[in-house]
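**Q** Structure provided below as structure tokens; questions to follow.
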Amino acid sequence: MLEILRMQLRAMLGGKRKWLVVLCLLLPVLLTVAASTSGGLGHLRRSLDRERAMVPLARGELPPTAHRVTWQGEKLSFAGGILVLDEKGLRLYGEPVGKGTTLVVNDGFLVVRNGELWIDPAKAGTVRSWRISYVGQDDVPAFDTYCAIYLFLLYPQAVCLLLALFYGTSVLADELDGKTLTYLFVRPLPRWRFVAGKYLGIVASLALPTAASLGAAWLIAGAPGGATLIGALLAATLAALCAYNALFVLFGFLVPRRAMIVALLYGVVFEFVGSFVPALVNEFTVTYYLRSLVARLLDVEIPREIARVVGGASVPGASLALLLITVVSLALAARLAARREYVVKDAA
Amino acid sequence: MPIAELGYRSWQGVRTGALVRALAIARSEVAIALQASKLLRRFLILAWIPILYFCPFFLAIGYVANPENDPASGVLLTGLAREFLGQAAIDRLRQDPGAILPGIWAVAFYVFFAYTQSFLSMIAVAIAGPPLIAKDLRNRAFLVYFSKPIQPWQYLLGKLGTVAAFVFSMTLLPALVLYAVGIALSPDLGGLLATFPIVFEIAAASVAIAIPIAVVVLVLSSLTADRRIATFGWLAVWIFGEIAFRALTVSGGQPGHQAPPWAALLSLRELTTRAASGIFDARGRLELLLQQFGESGGRLRRTMRDIAEGMGDPHVLDRPRDQVQLLDLAGSGYPPIVSIAVLAAIAAAGILFLLRRVVRPVQV
Amino acid sequence: MAPLLQARSLTKLYGTVIGLNDVTLELEPGVIGLLGPNGAGKSTFLKLITGQLRPTEGELTVLGERPFGNPRLFARLGLCPEQDAFYDPWSAFDFVTSLARLSGLGAGARAAAERALDRLGAREFMHREIGEYSKGMRQRTKIAQAIAHDPEFLILDEPLTGTDPICRREIMDLVIELGRRGKSILVASHVLHEVQAMTDQFVLVHGGRILASGRVQEIRSLMNQFPHRITIRCDDPRGLARAVLDALPLDGLEIEPARGELVVSTRDPAAFYAGLPDLVQRAGCRVHELLSADDKLDAVFHYLLARH
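Protein chains in written order, with our numbering: chain A, 553 to 900; chain B, 73 to 436; chain C, -10 to 297.
The structure is reproduced here in structure tokens:
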């Protein structure tokens, strides 16, 4: 089995093939450079700097005829009464909003300081209507959370899925297309070891470069959130590599010649769309548990209404689920390998 | 006794035209792809599912737009139309269908192309495109192709035609069916005359989607003899492009973010969406419709808002008319014609690359 | 001692296509030729023997064990597959070493690989990339990986395709020597005289069935009913015809002066080939080409098929 692992490492990291991994891990780093200069990441950082120069907003200055948010006496109400300001103070979803809360609206943002609404001086005169699109606890955590979401979408979600889409699904297809499977399947080696060796080879050769790429992107973003954030993301990235690759190895044994496309369709239908459906379906997706894992590890506050959508599992629960997905996928793949006939096409 | 010569004889008859020979390649490649992949066959059928949503829309709008139809008699269709447009818009539509109907259709086709079919096309191309040149590199089939009277450009045209055929089968074809449904329900031939330019817009949008993505996937396919690496390259171009575009345009909750104008260049899908927007004049027509319908509700309005939000301006419907900057594209501000030009440039550069590549293909 | 291979009503279906049809066969250890035209079912049979396929019907035991999913058996088997496939950027040495390790050789793998490659005359090129090899070098590498772990039972699928005469001779010698040392070897081929040089034991396969099995003498005696045709293109076919007519065993002789060809039929090609060079020299004629269609095997197959 060790030899299968070595062969897999050599196939992935030797020769021209290694540039595929390099490119895949270099791109997100370059992307982060672009995002933190010209993209939303940089913009967020710049606007947080601006926030420090805010002035208090007199209550009377808010227009009474705003379309979605109305200001009536002491009461600021948003469409369904989510945001209320009365004698008990400012409350969001019925919960009191504390000091340093940022309410982001369309034309500028408001900050609650000592129970008062503050606004960007440049915008104070022009607010006519707004829509709350983001509520954060404090300015620094808000930035951290954004970075966490950005890096989460980039690494555990996109990069890991993409790498698994190629390497995971190719475990068998590579040997079948190259007609080299015959050499391996006539060895005194139970086929489950072939599956395990190949799988470990993939994870072993991808884990370190991916982690390094994530670390670089994190540093470029300004090392937000400290060790907690990068730790949580590293955990999620490694878990994603393990789970997606295991799942796609299984796909590789189920439909060897079409595995990549089937895995892509699975990715779009389940991991991309299905994981946001708050029903049984999202509890069967890897993404759901990855999101749960990161959210719990970072202790991000998720409004109760959407917790079931984003990820409701606890840290041990999510870890167990990810482990289960990995182990069950590999076990099924090993079983298929042992029972099905996998034969290279005849030369003729 | 005359003795027949059985050795090699050169062809004395008339050769088929150059384009027909390219077409022969495309035809056999389409047949091979369909035969080889059950998945592709199923997917091409699945890609028609969005029609199930759009067909009732065209039926209902067509029904109420006809002044001869009594809204009270076609309860189901009238109800559907009210759901889509709202009563005020229906009244306005019945007054002057010739002025409004083409606009509604064009916007519907824009949504059909830019939001559902272009996405599905990306997946279909991921299935059908990557093997096209890669397998010829692997099997050294160039020797066979170029020992026939086939020029590299004919070979490429055949391969391009293959991908385009699949994309057309999920863009052009269903759109024409929708158009036929709409026309069949219009009161007289006047409807046909008023909406006929839309057929050209449908064709142009199909080409704007099909050709660039076909060229890009063929370039990837020509870079490797392994079809799976080509598929992976296509997915990477698509997914990384999408993420790059989002990372640059999404503001992260902070308003006032100005995305760099080149952000859209990174995403092939975004480019095709914007090109379709320009071809159907989605912005101009939405403006016109808003003007006509005023504050009328209905799903169309909601759809418009969804589109506007998707393009970075969620408040378009809340603003007074003079402030409406409808479909101001995610802060980039340049007109859709730029997207069309960029797509054309990508296609041209890709074709030049491919022509050079297939002349000396054995170097892989 | 258990038989090398035992098949009872062995059948393999691919969907509705029959690969192997109700084969019952017992083979004793030794060197055996598996002969049949392309598509006869040789490949299917070999894949069943090496556990790549599972029988649809019937039973098959190799060295007393069922092959499918049986790693224990694979330690005793060596397979040189038909397809010309390798991990191209690797060297032959790395390739054979890796596969020897998979065969369970562990620390001895490198030495075993070197020994096997050396045995096949691959020493000088074994550290170069396989991608640069000629067909013969690739064939030697393939056989080396099959013998590196010293298997009891060696299976060679078309081992001589694409090789030059020297390489062919060496591979044949290797098979003969391994056979002499008590190894069992199954050589699949569609060319009779190649296999004939290595063994006198045959199994004939055609249309997914075993047509016959036995000693070469039996098959040869069958074949002797069908003369061997040899075409000689030379500058003086008439002169050569005169020379060979009395001196060599012939069944028939045709002269095609327009094409400069002499076509002879003989039931004893070995004697004919042995005597020809002398006669050519004596007749003082120049031979341009010597063609021998290997249609004898086909004739045997037709004959056997006709009896069914």
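Glycine included, each C-beta is placed from N, C-alpha and C at the ideal position.
What residues in the region 579 to 591 of chain A bring their beta carbon closer than 7 Å to a beta carbon of chain B?
**A** Of all residues in the region 579 to 591 of chain A, Leu579, Leu583, Ala586, Ala587, Ser590, Gly591 have a Cβ within less than 7 Å of some Cβ in chain B.
**Q** Quick check on DSSP: helix, strand or coil for serine 827 (chain A)?
**A** The answer is helix: DSSP assigns serine 827 (chain A) an H, G or I state.
**Q** Whole angstroms are fine: how far does the CA of proline 74 (chain B) sit from the CA of lysine 110 (chain B)?
**A** Roughly 53 Å between the two C-alpha positions.
**Q** Where does isoleucine 222 (chain B) sit, in a helix, a strand or coil, going by DSSP?
**A** Looking at isoleucine 222 (chain B) - three-state DSSP - the assignment turns out to be coil, as it is neither helix nor strand.
**Q** For the region 704 to 736 of chain A, which residues have a beta carbon sitting closer than 8 Å to at least one beta carbon of chain C?
**A** Of all residues in the region 704 to 736 of chain A, Gly730, Lys731, Thr732, Thr734, Tyr735, Leu736 have a Cβ within less than 8 Å of some Cβ in chain C.
**Q** Cysteine 794 (chain A) versus chain B: which residues are under 9 Å apart at the beta carbon?
**A** Per Cβ cutoff of 9 Å: no residues; cysteine 794 (chain A) is ~20 Å from chain B at best.
**Q** Find the nearest neighbour of proline -8 (chain C) within the set C:Leu16, C:Ser178, C:Glu183, C:Leu91, judged by alpha-carbon distance.
**A** If we check each option's Cα against that of proline -8 (chain C), C:Leu16 comes out closest.
**Q** Counting only C-beta atoms, is isoleucine 104 (chain B) closer than 7 Å to chain A at any point?
**A** False, the Cβ-Cβ gap to chain A never drops below 7 Å.
**Q** So glutamine -5 (chain C) is in the alpha helix (DSSP H); what residue range does that whole segment cover?
**A** Where glutamine -5 (chain C) is concerned, there is no enclosing alpha helix (DSSP H), although the beta strand (DSSP E) it sits in stretches over -6 to 3.
**Q** Output, in chain order, the set of chain B residues within a Cβ distance shorter than 9 Å of isoleucine 813 (chain A).
**A** In chain order: Ser109, Leu111, Leu112, Phe115, Ile195, Ala198, Ile199, Thr303.
**Q** Please classify phenylalanine 822 (chain A) as buried or exposed, where buried requires at least 16 other C-beta atoms within 10 Å of its C-beta.
**A** Flag for phenylalanine 822 (chain A) reads buried.
**Q** Quick test of the definition: if touching needs 3 or more C-beta pairs under 8 Å, does the region 88 to 101 of chain B touch the region 773 to 787 of chain A?
**A** The region 88 to 101 of chain B is not in contact with the region 773 to 787 of chain A.
**Q** Would you tell me roughly how many angstroms separate the C-alpha atoms of glutamate 118 (chain C) and glutamate 46 (chain C), rounded to the nearest one?
**A** Taking the straight line from one Cα to the other gives about 43 Å.
**Q** DSSP on phenylalanine 142 (chain C), reduced to helix/strand/coil?
**A** Strand, per DSSP.
**Q** Does the beta carbon of arginine 810 (chain A) come closer than 7 Å to any beta carbon on chain E?
**A** Of the protein chains in this structure, namely A, B and C, none is chain E.
**Q** So, with DSSP's three-state summary, where would you put valine 852 (chain A)?
**A** Coil, per DSSP.
**Q** Can you give me the C-alpha to C-alpha distance between glycine 783 (chain A) and isoleucine 162 (chain B), rounded to a whole angstrom?
**A** Using only the alpha carbons, I get a separation of about 57 Å.
**Q** DSSP beta-bridge partners for histidine 195 (chain C)?
**A** The partner list for histidine 195 (chain C) (beta bridge, DSSP) reads C:Arg198.
**Q** Please list, in chain order, the chain B residues whose beta carbon lies closer than 8 Å to that of leucine 816 (chain A).
**A** Those within 8 Å of leucine 816 (chain A) in chain B are Ile195, Ala198, Leu307.
**Q** What alpha helix (DSSP H) runs, 4 residues minimum, are completely inside the region 124 to 202 of chain B?
**A** The qualifying runs are 147 to 157, 159 to 167, 169 to 183, 190 to 200.
**Q** Under 7 Å between C-beta atoms, does leucine 320 (chain B) make it to chain A?
**A** Yes, contact with chain A.
**Q** Quick one: give me the first and last residue of the alpha helix (DSSP H) that cysteine 223 (chain C) is part of.
**A** That residue, cysteine 223 (chain C), is in no alpha helix (DSSP H); its beta strand (DSSP E) goes 217 to 223.
**Q** Any idea which residues DSSP pairs glutamine 190 (chain C) with across the strands?
**A** Beta-bridge pairing links glutamine 190 (chain C) to C:Arg204.
**Q** To the nearest whole angstrom, what separates the beta carbons of leucine 165 (chain B) and leucine 149 (chain B), a pair I think is in contact under 8 Å?
**A** About 13 Å separates the two Cβ atoms, so there is no contact after all.
**Q** If you measure beta-carbon to beta-carbon, which residues of the region 108 to 136 of chain C are closer than 8 Å to chain A?
**A** So the close ones are Gln134.
**Q** Going by DSSP, name the residue or residues bridged to serine 80 (chain C).
**A** Answer is C:Glu118, bridged to serine 80 (chain C).
**Q** If I'm right that serine 881 (chain A) touches alanine 798 (chain A) with Cβ under 8 Å, what's the distance once you round it to whole angstroms?
**A** Rounded, the Cβ-Cβ distance is 4 Å, consistent with contact.
**Q** Step through the CB atoms of chain C and report whether any lies within less than 7 Å of the CB of leucine 593 (chain A).
**A** False, the Cβ-Cβ gap to chain C never drops below 7 Å.
**Q** Provide the residue span of the alpha helix (DSSP H) that contains cysteine 156 (chain C), from first to last.
**A** From DSSP, the alpha helix (DSSP H) with cysteine 156 (chain C) extends over 154 to 169.
**Q** Take every Cβ of the region 847 to 858 of chain A, pair it with every Cβ of the region 766 to 775 of chain A, and state whether three or more of those distances are shorter than 8 Å.
**A** No, the region 847 to 858 of chain A is not in contact with the region 766 to 775 of chain A.
**Q** I believe arginine 112 (chain C) touches leucine 106 (chain C) by the beta-carbon criterion, under 8 Å. Please report the beta-carbon distance rounded to the nearest angstrom.
**A** Their Cβ separation, rounded to whole angstroms, is 6 Å, which keeps arginine 112 (chain C) and leucine 106 (chain C) in contact under 8 Å.
**Q** At 8 Å on the CB atoms, spell out the chain A contacts of glutamine -5 (chain C), in chain order.
**A** Here the premise fails: no neighbours, minimum Cβ distance about 19 Å.
**Q** Strictly below 7 Å CB to CB, what residues from chain A border serine 301 (chain C)?
**A** Given that chain C is displayed from residue -10 to residue 297, the structure contains no residue 301 (chain C) and the question cannot be resolved.
**Q** Interface residues of chain C around glycine 753 (chain A) at Cβ under 8 Å?
**A** Within chain C, no residue comes near glycine 753 (chain A); the closest Cβ sits about 13 Å away, beyond 8 Å.
**Q** For chain C, check one thing: does any of its Cβ atoms lie closer than 7 Å to the Cβ of alanine 890 (chain A)?
**A** Taking Cβ atoms only, chain C reaches closer than 7 Å to alanine 890 (chain A), which makes this a yes.
**Q** How big is the Cα-Cα spacing for leucine 70 (chain B) and isoleucine 136 (chain C)?
**A** The structure shown does not extend to residue 70 (chain B), since chain B spans only 73 to 436, so no value can be given for it.
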